[in-house]
Amino acid sequence: MLFISRKKRKMAEITQALSMTPVDVGALRRMAISEGGLLTDEIRCKVWPRLLNVPVGSILEELDKVERENNKDYNQVLLDVQRSLRRFPPGMPDEQREGLQEELIDIILWVLQKNPQLHYYQGYHDIVVTFLLVLGERLATALVEKLSTHHLRWCHFFSKVCSNFLFFFNPEVYDFMQQAEVGTIFALSWLITWFGHVLSDFRHVVRLYDFFLACHPLMPIYFAAVIVLYREEEVLDCECDMAMLHHLLSQIPQDLPYETLISRAGDLFVQFPPSELAKEAAQTAASTFKDFELASAQQRPDSVLRQRRKEQQQQAPVEAQRGTMAVVQPTARRFVRLAVMGLTVALGAAALAVVNSALEWAPKFDLLFP
Amino acid sequence: MAKQYDVLFRLLLLGDSGVGKTCLLCRFTDNEFHPSHISTIGVDFKMKTLEIDGIKVRIQIWDTAGQERYQTITKQYYRRAQGIFLVYDITSERSFQHIMKWASDVDEYAPDKVQKILVGNKSDEEQKRQVATAQGNKLAKAYGMDFFETSAFTNHNITESFTRLAELVLQANKKDLDVLRVSINDKLNLAALEEEEGVCDSSSDAQKTCWC
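Just so you know, the sequences run in chain order A and B.
Residue numbers for the first sequence follow full-length UniProt numbering, beginning at 1 and rising by one.
Residue numbers for the second sequence follow full-length UniProt numbering, beginning at 1 and rising by one.
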């Protein structure tokens, strides 16, 4: 009973905020973040455009027809949309679903055509389908266009600091993950689809969208970090092996306590705002580099490695065949670890490059991935 | 407790988006086929244990996103592979033409002694065929690879192709295996041997339960 009355009260507050002139967007944001989010799709249709600052008056009555033939993205979009059945409600009649899939293709192609700086990447369709199912074609198109040119590019731009985030929140988990060389690819699909690709219950997906739409564009990264930290014990119990850890982390438990995690992500954001992280990330990078220089000067790891390899090859040809592992001795381990860290950073940057060039932004990435 | 496997190695599935990489894998590891499979975003893997010549071979098969935009990511995993499937779709001429590009990437990024086989998937869709079996054979021959036409849908040649690649990898590493079998007489982790810092706690990971 209590819950019902709370829900009613929340609905009344949302209606109140919407009826103000100008609309009380601050109140709407609070509603979208607080427990239960925006409650119904009907409310989402009214509030999501406000959260993204899309004037409802500007929404087109009808989309211009998009040419499908000779469209550079059409084949890939079609392949992905055909394979998105799981994103539609299980009971939906085939005919209705097929109609929505056609609309999904149209929206994606329309946004890409209107914004030639954007490029399609697999996973984009997971974002668009969420908006389509909640808002319908016209409204979804307007919001997705806005999101693609704002939130997403920001999130992707900063996702390279994702691995560093964990360091500040929990160095033990971070060290463990670094040691396993797991990188951040396990979270790639989470971030680029706002978890739409990995959560099977649509209610959880839209609840998270309420939260992300109301927050800073980097919030999905904080949320990803919160999930990893929530599973701290499992992570630390896992074999310290890239494959095992990747597998464990990429499988999101479907019964996560979403409301609790949303609060924690909010707390983390307040505790470590993006500006703070950027500062610390820069410092860490600098100190890592100093360590690296020191290690190089004292140990001259290159020559140490070369010397050892030569000795080992002479003494034990079999071991040499097994690969470089056999010749990396403890004195050189530090060097290897630093190199591995560099690789992980590169991996993060690579992930960034894929999506960033897709949603385009930094011209130098376009050169790398035309 | 009996150990669950003698040797572990990593295989990698490569090929254009939509050729059926994930379906091949699901058919092989779980004997399932989902026509409505979802796109793979990033990378993931599944495992299965085979017995070849009395050796329990645990294979870890990495599945990758096919879209070109993801290749910066997937290439990072090439260096860890001992065997690679180059997969095309027999109903897509384009996916067949792209095999050349995939093969040259493998040459560039994978270890030198990596084993490769060519797979033409969707062999059940004869009426939509665009790539003749002879073309596949010819290309495989040119590259010195084995060739299989498979169907994840009808379960045609699935076990055969995976087992074949596993055998090739075993053969390629046989010398090391024999030597090590004598000296260590314990679970071997080829995957770890190929890395710089790969010494694992062998007792604990041999007892890990299989979640495939």
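Glycine included, C-beta positions come from ideal geometry on N, C-alpha and C.
Quick caveat, the model's predicted, so the values are computed rather than measured.
Along chain B, which residues have their Cβ under 9 Å away from the Cβ of His216(A)?
Position 216 of the first sequence, counted from the first residue, corresponds to residue 216(A). Around His216(A), no beta-carbon contact reaches into chain B at under 9 Å, the shortest distance being about 24 Å.
Per-residue DSSP class, three states only, for Leu38(A):
Here residue 38(A) corresponds to residue number 38 of the first sequence, with the count starting at 1. Coil at Leu38(A), not helix or strand.
Checking contacts by CB at 8 Å: is Ala142(A) closer than that to chain B?
In the first sequence, counting from the first residue as 1, residue 142(A) sits at position 142. By this cut-off, Ala142(A) is not an interface position.
For the alpha helix (DSSP H) containing Gln71(B), name the first residue and the last one.
Here residue 71(B) is taken as the residue at index 71 of the second sequence, counted from 1. Its alpha helix (DSSP H) spans residues Gln71 to Thr74.
Proximal residues of chain B, C-beta to C-beta of His197(A) below 9 Å
Mapped onto the first sequence, residue 197(A) falls at position 197. Result: Ile38, Ser39 and Ile41.
Is the Cβ-Cβ distance between Pro93(A) and Phe202(A) less than 8 Å?
Along the first sequence, one-based indexing puts residue 93(A) at 93. Along the first sequence, one-based indexing puts residue 202(A) at 202. No. Outside cutoff.
Does the CB of residue 374(A) have a neighbour CB from chain B at under 8 Å?
Residue numbering for chain A in the displayed model covers 1 to 370; residue 374(A) lies beyond these limits and cannot be assessed.
CB-CB length for Thr64(B) against Lys21(B), believed under 8 Å:
Your numbering for residue 64(B) matches position 64 in the second sequence. Your numbering for residue 21(B) matches position 21 in the second sequence. With 8 Å as the limit, Thr64(B) and Lys21(B) qualify as a contact, their Cβ atoms being about 7 Å apart.
Of all the CB atoms in chain B, is at least one closer than 8 Å to the CB of Arg308(A)?
Against the first sequence, residue 308(A) aligns to sequence position 308. With a pLDDT of only 41 at Arg308(A), under 50, the local geometry of the prediction cannot be trusted, and no value is derived from it.
In angstroms, rounded to a whole number, what distance separates the CA positions of Trp102(B) and Leu139(B)?
Along the second sequence, read from residue 1 onward, the residue named residue 102(B) stands at position 102. Along the second sequence, read from residue 1 onward, the residue named residue 139(B) stands at position 139. If I take the Cα positions, the gap works out to 13 Å.
Can a CB atom of chain B be found closer than 8 Å to the CB of Met247(A)?
The sequence position of residue 247(A) within the first sequence is 247, counting from 1. Looking at the sequence shown, residue 247(A) is not Met but His. Chain B, which has a Cβ nearer than 8 Å to the Cβ of His247(A), makes this yes.
DSSP state of Asp94(A), grouped into three classes?
Within the first sequence, residue 94(A) is the residue found at index 94, counting from 1. Helix at Asp94(A).
Do we get a CB-CB distance below 8 Å when we pair Tyr74(A) with the residues of chain B?
Numbered from 1 along the first sequence, position 74 holds the residue referred to as residue 74(A). It does not: the Cβ of Tyr74(A) has no partner Cβ on chain B nearer than 8 Å.
Does the stretch 218–229 of chain A come close enough to the stretch 258–273 of chain A to have 3 or more Cβ pairs within less than 8 Å?
yes
With C-beta atoms as the reference, is Arg138(A) less than 8 Å away from Ile43(A)?
On the first sequence, residue 138(A) is found 138 positions in, with the first residue counted as 1. On the first sequence, residue 43(A) is found 43 positions in, with the first residue counted as 1. No.
Euclidean distance between Cα positions of Glu293(A) and Leu188(A)
Against the first sequence, residue 293(A) aligns to sequence position 293. Against the first sequence, residue 188(A) aligns to sequence position 188. Confidence at Glu293(A) is low in this model, with a pLDDT of 38, below 50, so its placement is unreliable and the value that follows should be read with caution. Roughly 32 Å between the two C-alpha positions.
So is residue 458(A) in contact with chain B if we call contact Cβ pairs under 8 Å?
One cannot answer for residue 458(A) here, as it falls past the ends of chain A, which runs 1 to 370.
Three-state class that DSSP yields for Trp102(B) in the structure shown
Residue mapping note: residue 102(B) aligns to position 102 of the second sequence, counting from 1. Reduced to three states, the DSSP call for Trp102(B) is helix.
Is Leu52(A) near Lys114(A), with beta carbons less than 8 Å apart?
The sequence position of residue 52(A) within the first sequence is 52, counting from 1. The sequence position of residue 114(A) within the first sequence is 114, counting from 1. No, the pair does not count as a contact, with Cβ atoms beyond the cut-off.
Could you list which residues in chain B have their beta carbon closer than 8 Å to that of Arg86(A), in chain order?
The sequence position of residue 86(A) within the first sequence is 86, counting from 1. Those within 8 Å of Arg86(A) in chain B are Ser36 and Ile38.
Rounded C-alpha distance that separates Cys45(A) from Arg87(A):
Position 45 of the first sequence holds residue 45(A). Position 87 of the first sequence holds residue 87(A). When rounded, the distance between both Cα atoms is 19 Å.
Please compile the residues from chain A whose C-beta is within a distance smaller than 7 Å of the C-beta of Gly18(B).
Reading the second sequence from its first residue, position 18 is the one you call residue 18(B). In chain order: Leu79.
In chain B, what lies closer than 8 Å to Ile192(A) by C-beta?
Here residue 192(A) corresponds to residue number 192 of the first sequence, with the count starting at 1. The contacting residues are Ile41.
Take Thr40(B) as the anchor and find which of Phe186(A), Pro274(A) and Tyr222(A) has the nearest alpha-carbon.
Here residue 40(B) is taken as the residue at index 40 of the second sequence, counted from 1. Residue Phe186(A) is the option with its Cα nearest to Thr40(B).
For chain A, check one thing: does any of its Cβ atoms lie closer than 8 Å to the Cβ of Asp89(B)?
Here residue 89(B) refers to the residue found at position 89 of the second sequence. Asp89(B) does not count as touching chain A.
With respect to 7 Å, is the separation between the Cβ of Lys21(B) and the closest non-hydrogen atom of the ligand FAD below this value?
With respect to the ligand FAD, the structure offers nothing, as it holds no ligand at all.
Could you tell me the distance, in whole angstroms, from the CA atom of Asp105(B) to the CA atom of Asp255(A)?
Taking the second sequence and counting its residues from 1, the one referred to as residue 105(B) is at position 105. Taking the first sequence and counting its residues from 1, the one referred to as residue 255(A) is at position 255. When rounded, the distance between both Cα atoms is 40 Å.
Given a limit of 7 Å on CB to CB distance, which residues of the stretch 55–67 of chain B reach chain A?
Gln60, Ala65 and Gln67
Below 6 Å CB to CB, which residues in the same chain sit around Gln101(A) once its five sequence neighbours on both sides are set aside?
Indexing the first sequence from 1 puts residue 101(A) at position 101. The residues are Val81.
Would you list the one or two residues that DSSP bridges to Ser151(B)?
Position 151 of the second sequence, counted from the start, is the residue given in the question as residue 151(B). According to DSSP, Ser151(B) bridges with His156(B).
Would you say Ser250(A) lies against chain B (beta-carbon separation less than 8 Å)?
Here the question's residue 250(A) lines up with position 250 in the first sequence. Output row for Ser250(A): interface = yes.
Would Leu104(A) be called buried (16 or more neighbouring beta carbons within 10 Å of its own) or exposed?
Here the question's residue 104(A) lines up with position 104 in the first sequence. Per the 10 Å Cβ criterion, buried.
Tell me which same chain residues have a C-beta within less than 8 Å of the C-beta of Leu85(A), skipping the five on either side of it?
Counting from one through the first sequence, the residue named residue 85(A) turns up at place 85. Contacts found: Arg97.
Round the Cβ separation of Leu165(B) and Val7(B) to the nearest angstrom and send it over; I've been treating them as touching at under 8 Å.
As a first step, residue 165(B) is located in the second sequence; it is residue number 165 there, counting from the start. As a first step, residue 7(B) is located in the second sequence; it is residue number 7 there, counting from the start. With a Cβ gap of about 14 Å, Leu165(B) and Val7(B) do not count as contacting.
How would you write the range of the alpha helix (DSSP H) that Gly266(A) sits in, first residue to last?
Position 266 of the first sequence, counting from 1, holds the residue named residue 266(A). That run of the alpha helix (DSSP H) goes Tyr258 to Gln271.
Pick helix, strand or coil for Met47(B), following the three-state DSSP scheme.
To locate residue 47(B), count along the second sequence from 1; it is residue 47. Met47(B): strand per DSSP, three-state reduction.
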